[in-house]
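>
Chains as they are written, first to last, in the working numbering: chain A, 1 to 111; chain B, 1001 to 1113.
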C-alpha cells in the first residue's frame, strides 16, 4: 500500500463547476500538507500549504485537512479552463523538505 | 525574485554514460531537494541537502548522487545511465528546509537511448 493515495482521474467538469480533489494517507507522522498544480511539461507550482488539521482558503481554492481520518481535500470554486492541469497532493513529516506525493489527478475544465 | 533554475532543460544521453544536472535555488533558500518524475512511478524523492549536508536520501541506487555548494546551488549526478533513468528530474528549494513548503523548478527532461 502506498503512503499517499490519490485518484488519478481524469476528472472532466464544465466551466464554473466546483471541483473536489482528495487524498488519503497512512502515515500519522505527516504534519504538513501541500497541493501542487502541474501543467504539461512544467514543474509543480505550490498552490496551498497547510499545517495540521483545519481549513485554508485562498481565492477560489480551499484546502481541508482531517488528520483524524487521514484525509485531505482541495476544492476549486468557479473552475476555469485555465485550471486544467494535474493536481498533486504532497505531505511532509516536518524537520525535512522530503515530500511524499500522491500520483496526481488530471483535471479537465471544458468551456 | 527569480525562481528555481534548472539546467539544462533537455538532455539526451546514451546508456552507460553519466550525466550532471544543475539547480540554482531561490535566492536566500538553503534547502534543496531533488525528485524523479516518471509516468509510472510519479514523483519520487531522491535526496535533500541543507547547508551543504545531505539530510535525507530516497530509495535509489548508488548511481544517483548529489552535492550542494556553499552558495546553496546543487548538482545531481547519475552514472552508468540505464534506459529506466529516462525521466523529468525536478529540483525544489525552501528557506528553512523544515516543513516541505518547497518551490520547484521547471525540471530537466533526461532521455536515455
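Built from N, CA and C at the ideal position, the CB exists for glycine as well.
Give a yes or no on contact between the region 96-103 of chain A and the region 3-19 of chain A, applying the rule of three or more CB pairs nearer than 8 Å.
yes
> Does DSSP put residue 1084 of chain B in a helix, in a strand, or in coil?
helix
> May I have the straight-line CA-CA distance separating residue 32 of chain A from residue 53 of chain A, to the nearest angstrom?
9 Å
> Around the C-beta of residue 107 of chain A, are 16 or more other C-beta atoms found within 10 angstroms, so that it is buried, or is it exposed?
buried
> Going by other Cβ atoms of all chains shown within 10 Å of its Cβ, with 16 needed for buried, is residue 29 of chain A buried or exposed?
exposed
> Spell out whether any CB of chain B is found under 7 Å from the CB atom of residue 101 of chain A.
yes
> Using Cβ-Cβ distances below 9 Å, what residues of the region 1020-1031 of chain B are close to chain A?
1031
> Just to confirm before moving on: does the CB-CB distance between residue 59 of chain A and residue 1105 of chain B stay below 7 Å?
no
> In angstroms with no decimal places, state the Cα-to-Cα distance between residue 1015 of chain B and residue 41 of chain A.
24 Å
> Do the region 1077-1087 of chain B and the region 75-82 of chain A meet, that is, are 3 or more Cβ pairs less than 8 Å apart?
no
> From the beta carbon of residue 42 of chain A, is the nearest beta carbon of chain B less than 7 Å away?
By the rule that beta-carbons nearer than 7 Å mark a contact, residue 42 of chain A touches chain B.
> Give me whichever residues DSSP pairs with residue 1077 of chain B in a beta bridge.
B:1020, B:1065
> Since residue 86 of chain A is in the beta strand (DSSP E), which residue starts that stretch and which ends it?
85-92
> Would you decide whether residue 1101 of chain B is buried or exposed? Buried here means 16 or more other CB atoms lie within 10 Å of its CB.
buried
> With DSSP as the reference, identify every bridge partner of residue 19 of chain A, one or two as the case may be.
A:76
> Closer than 6 Å by C-beta to residue 1072 of chain B: which residues in its own chain qualify, once you throw out the five before and the five after it? Chain order, please.
Result list for residue 1072 of chain B: 1025, 1030, in chain order.
> By the criterion of Cβ-Cβ separation under 9 Å, what are the contact partners of residue 1106 of chain B in chain A?
41, 42, 43
> I want to verify the contact list: residues of chain B whose CB lies under 8 Å from the CB of residue 46 of chain A, in sequence order.
1101, 1102, 1103, 1104
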